[in-house]
Structure formats: structure tokens, C-alpha cells
Amino acid sequence: MSASQPAAAAETAKPKLAFRPLPVPQVDVRGFWGDRVDAVAARTAGILYDRCVEARMLEQIDPDRPSPGVVIPFHSPSPDEADEQGAEFTGSTVTTQMFWDSDWGKTIETAAYSLYRRRNPELEKKIDAVIDMYGKLQQEDGYLSSWYQRIQPGLRWTNLRDCHELYCAGHLIEGAVAYYQATGKRKLLDIMSRYADHIADTFGPEPGKRKGYCGHEEIELALVKLARATGEKKYMDLAKYFIDQRGQQPHYFDEEARARGADPKAYHFKTYEYNQSHKPVREQDKVVGHAVRAMYLFSGMADIATEYGDDSLRAALNRLWDDLTTKSLYVTGGLGPSAHNEGFTSDYDLPNETAYAETCASVGLVFWANRMLGMGPNARYADMMERALYNGSISGLSLDGSLFFYENPLESRGGHHRWKWHRCPCCPPNIGRMVASIGSYFYGLADDALAVHLYGDSTARFEIAGQPVTLVQTSNYPWDGAVAVEVGPEAPVEFTLHLRIPAWCRKATLKVNGKMLDLDTATGDGYAAIRREWQKGDRVELDLEMSMARLFANPQVRQDIGRVALARGPLIYCVEETDNGGGLHRIALPRTARLEAHKEPNLLGGVVTLSAIGSKAEAENWGADLYRPEPPAAQETKLKAVPYFAWDNRDPGEMLVWLREG
Ligand SMILES: [Zn+2]
Numbered sequence: 005m006s007a008s009q010p011a012a013a014a015e016t017a018k019p020k021l022a023f024r025p026l027p028v029p030q031v032d033v034r035g036f037w038g039d040r041v042d043a044v045a046a047r048t049a050g051i052l053y054d055r056c057v058e059a060r061m062l063e064q065i066d067p068d069r070p071s072p073g074v075v076i077p078f079h080s081p082s083p084d085e086a087d088e089q090g091a092e093f094t095g096s097t098v099t100t101q102m103f104w105d106s107d108w109g110k111t112i113e114t115a116a117y118s119l120y121r122r123r124n125p126e127l128e129k130k131i132d133a134v135i136d137m138y139g140k141l142q143q144e145d146g147y148l149s150s151w152y153q154r155i156q157p158g159l160r161w162t163n164l165r166d167c168h169e170l171y172c173a174g175h176l177i178e179g180a181v182a183y184y185q186a187t188g189k190r191k192l193l194d195i196m197s198r199y200a201d202h203i204a205d206t207f208g209p210e211p212g213k214r215k216g217y218c219g220h221e222e223i224e225l226a227l228v229k230l231a232r233a234t235g236e237k238k239y240m241d242l243a244k245y246f247i248d249q250r251g252q253q254p255h256y257f258d259e260e261a262r263a264r265g266a267d268p269k270a271y272h273f274k275t276y277e278y279n280q281s282h283k284p285v286r287e288q289d290k291v292v293g294h295a296v297r298a299m300y301l302f303s304g305m306a307d308i309a310t311e312y313g314d315d316s317l318r319a320a321l322n323r324l325w326d327d328l329t330t331k332s333l334y335v336t337g338g339l340g341p342s343a344h345n346e347g348f349t350s351d352y353d354l355p356n357e358t359a360y361a362e363t364c365a366s367v368g369l370v371f372w373a374n375r376m377l378g379m380g381p382n383a384r385y386a387d388m389m390e391r392a393l394y395n396g397s398i399s400g401l402s403l404d405g406s407l408f409f410y411e412n413p414l415e416s417r418g419g420h421h422r423w424k425w426h427r428c429p430c431c432p433p434n435i436g437r438m439v440a441s442i443g444s445y446f447y448g449l450a451d452d453a454l455a456v457h458l459y460g461d462s463t464a465r466f467e468i469a470g471q472p473v474t475l476v477q478t479s480n481y482p483w484d485g486a487v488a489v490e491v492g493p494e495a496p497v498e499f500t501l502h503l504r505i506p507a508w509c510r511k512a513t514l515k516v517n518g519k520m521l522d523l524d525t526a527t528g529d530g531y532a533a534i535r536r537e538w539q540k541g542d543r544v545e546l547d548l549e550m551s552m553a554r555l556f557a558n559p560q561v562r563q564d565i566g567r568v569a570l571a572r573g574p575l576i577y578c579v580e581e582t583d584n585g586g587g588l589h590r591i592a593l594p595r596t597a598r599l600e601a602h603k604e605p606n607l608l609g610g611v612v613t614l615s616a617i618g619s620k621a622e623a624e625n626w627g628a629d630l631y632r633p634e635p636p637a638a639q640e641t642k643l644k645a646v647p648y649f650a651w652d653n654r655d656p657g658e659m660l661v662w663l664r665e666g
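Residues in the sequence shown are numbered consecutively from 5, following the numbering used here.
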């Protein structure tokens, strides 16, 4: 049994076919994802630690140093950073942040997953030292929050709505589980288990306990991870409690505000939709508020729906999934168009240039989609997981692993670039930990079935019906759709292999040991199912046509009407100034233009580009005129598009996803 197999599961009423991800060390990725993981292991993980130190985060958590107080000196940003990061960052001081424990948690998690890829004793030593500080900081009763112990002592559990207290606990728990699994070191896991015990003693349905939950969801999914790692069912029950309690009346955030002498109506964000506590979760049917919070909540709900076989949660999740994916999702898998609430606005409101589309939100969608697959393979979720993975999330990390996007717009006039750090540094460690753990997103393992959610050159090791199995994927995915899967059980073993047939694929063929399988009869919910007694050397060949496609938005999306986006397989494309000259808005792509794909091994680490003959409106001969009764002349132009995730890795300039048609 792997560490991710919950002892607790036996006691819960879980559905028979719960699919759980394989732990990170059981999947070695090569090819496309191998390059990304290498960049994180070689550069990002160390950079995250260094930037946390530069931001003076050690001072906040180290009990051997004086408390930093509310304002501490901070490193001076370069002029470029200052431009990107706004006024709050441009001075020589920065306010300490109440969510810094979460940045440590995600940094520890990224480091942990990176250690599977690449031993790094120096980084491990640094992380051990951070863990020692948390060990020293932890109070007798198990409580642990650098903010409430060092910056605002005496105020613990007085403002769950705004202050990220349980959110920070959640990220440190995730870091603890990852670090234990990566290094075998229990120290942080023991620290966080003690803290989780304290939280379980403080919150819950029993008389005398607080009836609260966190304004920023995260603790729910983290407690599920902790329950799975330790086998302690009470952590799972506590996660369920936080989910069940959310949005119940009397409203906890109202009562909590009154208790600290505040007017509940003076809430900065006006509505509890901001943190998804406006209604009990089972009554929610619209995705609202802060996008990352929503994704984390739904991830936790999906875990609980899986572990408890809870159909009422599942029904709510399906409604919410429909709402998000049919009205509020960018074609890149980005979400949350507005900077104001870092989240959702109204249906079909998907502005391109001002898209907030936080990296963390796309990462959160990957988390949610992946957890929906716990209830069984279904391409409706896996296709969207793939889209968010290959586009709106990894766009947040430069190809070399050193620079980060917070916002991921679909159009830029040339001023949007990756930065080294951010005053709210949630995104860098979030994309870092997701990429470093990508192997665990590839598969779902059930009692007698394995689902292949993602394709790519890789080796997976798992145990099914007591038999160790090695599964090797050989593929140049996502550049090429041919995938060979070798199934190698130590002894013959019967199970079902589910293979995703992506909805974007127009033509797919599947062979088992050279014999063609009828995909129409074998496929349900977008997965082909092959049940047989597998023997060493069995070979499955899946050929997915890497179709190029023009995508059009629902005409209710005012920003995209008359426009077209280009895709190939799971990748969404964009045009950049460096390939196409400036004035990308003047380019038009005729409906009849032929799209061509080109392998370019020396471009952007090796990508497939798309090209077509389009036209470009001439601005040069307009002189001083602003308006004329004749349309501008247009010249034929060859346009070249690159994968969206890879933009802004070369000369800075304009970028555009939705091209004018015409
Ligand atoms: Zn973020």
C-alpha cells in the first residue's frame, strides 16, 4: 500500500470505484513534462526559497529573532519590478503578510516534490531549518501561526473571514505531507498533525466548539491529504465539517464580527459570495466570488464526495462545473476576469486584455478537475484539466523556471511581462508545486482499474490486485498524438485500463497487441475501457489525430465575436509581435485560410508552431487622419502562432489569442 492509500477509507462509505492519484514518486515523467519538472527542480524550487528569505519571511517565523512588527525593510525592487508590481511594492518597505505561512507551505511542497526529481542536499538542509523554526514556534497546545503568534498575538480565531488562519494551516499541512513522502522525515508531519488535532478540538459540531470555517478555503483539501497520509479519519471528518458548515445560518462570519465588536455589514467585499459562504454548499449553483477560493472549495468538496460517496455534494459540483465551463471560463483554461474581487463577474464577461485570470486560479481548476476524476474517469473533467494545465496554468512560469505571471491575459499591447516576485507571492510556489507533482495527475487508481488521464512520455509504477505493475508510455505528446502504452505486470493480472479519448480529437484509433479495437463500443464518458488479464509485454497503441482547430466563442461573449482562436490538440495558440511585427490587432485571418503545423525543435525549447496566410490592415498611409470614409488597405501577411503557454519568453512585445476573422 502506498502512503496515499487511506487507512481511513475502509471506515468511510466510499463508493467502490474511487480513483486516487498515484503518489508523485511513482510516476517519472520525461519529454514535455520532464522538461518542465527539470526547470522547477533545477531553478524554481531554489528561487522560491531565496525569494521568501529576501522578503524577510524567515524573520516572521523564527522565534529566535525579534518579532518583525508590522512594517519591515524590504529589498529594493528593480525599476522593471516596480513597474509591474505597483505602488505598494515600490517603496523600501513592505507590510508583513498574514499569509506568509502559506508561502512557506507551498515552497516546502515545491521543494519536496522537486527532491524526487533531483537530489539537492543544500535545499533540503534549508527546508529542514525552516521546519525546525516552525517546531520551535509551535505552542504547547499545538497552535501554530506566525502571524498570530508574532505579529498580532492574542487575537487567534477572531477573524476567520479575512485573516487566512486556517488557510495557512492548510498549506503547511500540504507541505508537511509532501515533505514526509519525499524525504521520509516526519517532523513537519508531526507538527502539523498536532496542529490539526488542536483545530479539531477547536472546531466541530460538538457543544463548546466553534462553528466556523475559513474565509479562504484550503484547509478542507489539506485535511483530506493529511487523513490519507496518516490514516486518521478524524481529519477527514473535520474537512467534511468545514464543508458542511459553510454558509449555514446563523452566519458564522456575522457572529464572529459582532464578537470582535465589528459591524458585519462593514465587510470590505460586501457579499459573502466573495468567499462562497453566501449559501450552504449543496445549494450553490453559480460559481461566484474569488476564483482561487472557489476552486479550492470545490476541490475539497470533490474529495469529500469521493471519500463519503456523497451524491448531494456531487450534484452541486456538477451544477457548478456546468456553470463555470459554459459561462465563465477563458479558452485558455483561465478564470476570474476581474482584478477587483480576483474573481468572477457576470456570465460571458471574458475581457481579454484586462483578464485577471490568476495563475493560481487555473492551478486550482486543475486541482478541482483532478479531484472530480476521483469519482470515476470522465473526459468532461479530464479534458478541462488538460486545457488548464497546458495553457492558463503553465503560462505562469517562464520556460527556464525563473519568472512568473500573476495575471494571464489573452491580449497584451506589449507591457505585460513575467516578474521575479510579487508582494502577494501566491502564484510562484503554486505553479511550482503543481508542475513538480505533475506525475500524480496522469493516473487514477481504483481497486481493479487504472485510468490514464494524461498522455506523455513517462513510467508509472503501481500495485493492483496485489500485483506490482509497471506502465510505460512512449510518446512525443502534446506535439504528436501517437501514444504507445506497455503494460508490465509482474504476474498476469486482470483489471480495466481506461484511456481518455479527448473531445478535441476528431479521429482516434486504438490497438491492443496489434488488434484494432472498436472505439465506439469501448468508449464511455470519453474513456475507452479495456478489461483483460494483462501480461508482461502487452502493448496498447493509441493514435490521437493532433487536429488543428479554429475555435469560436459563444456570441454572447462580446469581446470575442468576429474572432477566432487557434488550437492544436490540447494547446491554445497566440500570435506574438516578435514573429508577426507590431499592431497584431490589424491582422485578420480568413475563414478559408489553410492552417499549417511546423515542428520547430529549436524554438522555445521545441514546439509546433502554426502558420496561415492572413491580411494586415495598413496604418502607414493614413497620415494624420483619424477617420476616413474608406476602409484601410490590407496587405497579405503570413502569420505565425506559438503555444500560448510559451509566450513572453523571447523579445518583449504584443500578444493576441483571439484573432480577427476576415
Ligand atoms: Zn496566485
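Don't be surprised by glycine CBs; every beta carbon is placed ideally from N, CA and C.
Rounded to the nearest whole angstrom, the C-alpha separation of residue 364 and residue 144 is 34 angstroms.
In this structure, the C-beta of residue 111 stays at least 8 angstroms away from each heavy atom of ligand 1. If you ignore the 5 residues before and after residue 329, its C-beta comes within less than 7 angstroms of the C-beta of 388, all in its own chain and listed in chain order. Runs of the beta strand (DSSP E) lying entirely within the stretch 423-488, each at least 3 residues long, are 447-450, 453-456, 462-468, 471-479 in chain order.
Within the model, the alpha-carbon separation for residue 580 versus residue 660 is close to 7 angstroms.
In the displayed model, residue 391 falls within a helix according to three-state DSSP. When C-alpha distances from residue 255 are compared across 214, 181, 169, 63, the shortest belongs to 214.
By the Cβ rule, the stretch 526-538 does not count as touching the stretch 565-581, because fewer than three pairs are nearer than 8 angstroms. In this structure residue 563 is not in contact with residue 333, their Cβ atoms being roughly 14 angstroms apart against a cut-off of 8 angstroms. The residues 464, 491, in chain order, have a CB closer than 6 angstroms to that of residue 475 in the same chain once the five nearest residues on each side in sequence are set aside. Excluding the 5 residues flanking it on each side, residue 404 has same chain C-beta neighbours closer than 7 angstroms at 43, 47, in chain order. A residue is called buried when at least 16 other Cβ atoms come within 10 angstroms of its Cβ; residue 626 does not meet this threshold and is exposed. Excluding five sequence positions before and after residue 244, the CB atoms of its chain that fall closer than 6 angstroms to its own CB belong to 308, given in chain order.
Contact annotation, residue 195 with residue 139: C-beta distance approximately 6 angstroms; criterion of less than 8 angstroms satisfied.
Taking non-hydrogen atoms of ligand 1 into account, the C-beta of residue 641 is found less than 8 angstroms away from none of them. Under the three-state reduction of DSSP output, residue 220 falls in the coil class, being neither helix nor strand.
Minimum Cα-Cα distance from residue 318 among the listed residues 372, 360, 335, 147 corresponds to 372.
In the DSSP assignment, the residues bridged to residue 538 are 497.
The beta carbon of residue 414 is closer than 7 angstroms to those of 334, 336, 356, 359, 661, 662 in its chain, skipping five residues each way along the sequence.
In the DSSP assignment, residue 602 falls outside any alpha helix (DSSP H) and within the unbroken beta strand (DSSP E) covering 600-604. In this structure, ligand 1 has a non-hydrogen atom nearer than 8 angstroms to the beta-carbon of residue 428. Just so you know, the alpha carbons of residue 430 and residue 624 end up roughly 44 angstroms apart. In the DSSP assignment, no residue is bridged to residue 290.
Taking the Cα of residue 64 as reference, the smallest distance to any Cα among 39, 655, 151 is reached at 151. For residue 496, the closest C-alpha among the options 113, 517, 542 is that of 542. Under the 10 Å beta carbon count, residue 286 is surrounded by 16 or more other beta carbons and is classified as buried.
By the Cβ rule, the stretch 645-661 counts as touching the stretch 416-425, because three or more pairs are nearer than 8 angstroms. Between the C-alpha atoms of residue 481 and residue 470 there is a straight-line separation of about 31 angstroms. Residue 517 is classed as exposed because its beta carbon has fewer than 16 other beta carbons within 10 Å across all chains shown. Approximately 14 angstroms separates the beta-carbon atoms of residue 339 and residue 303; this is outside 8 angstroms, ruling out the contact. The Cβ-Cβ distance between residue 521 and residue 459 does not fall below 9 angstroms. Around residue 619, the same chain offers 592, 638, 639, 640, 641 as residues with beta carbons nearer than 7 angstroms, after the five sequence neighbours per side are excluded. Annotation: the continuous alpha helix (DSSP H) that includes residue 64 extends over 61-65. Here residue 316 carries a helix assignment [DSSP, helix/strand/coil]. Residue 342 carries a strand assignment under DSSP once its states are collapsed to helix, strand and coil.
At a threshold of 8 angstroms, residue 434 counts as near ligand 1, since its beta carbon sits closer than that to one of the ligand's heavy atoms.
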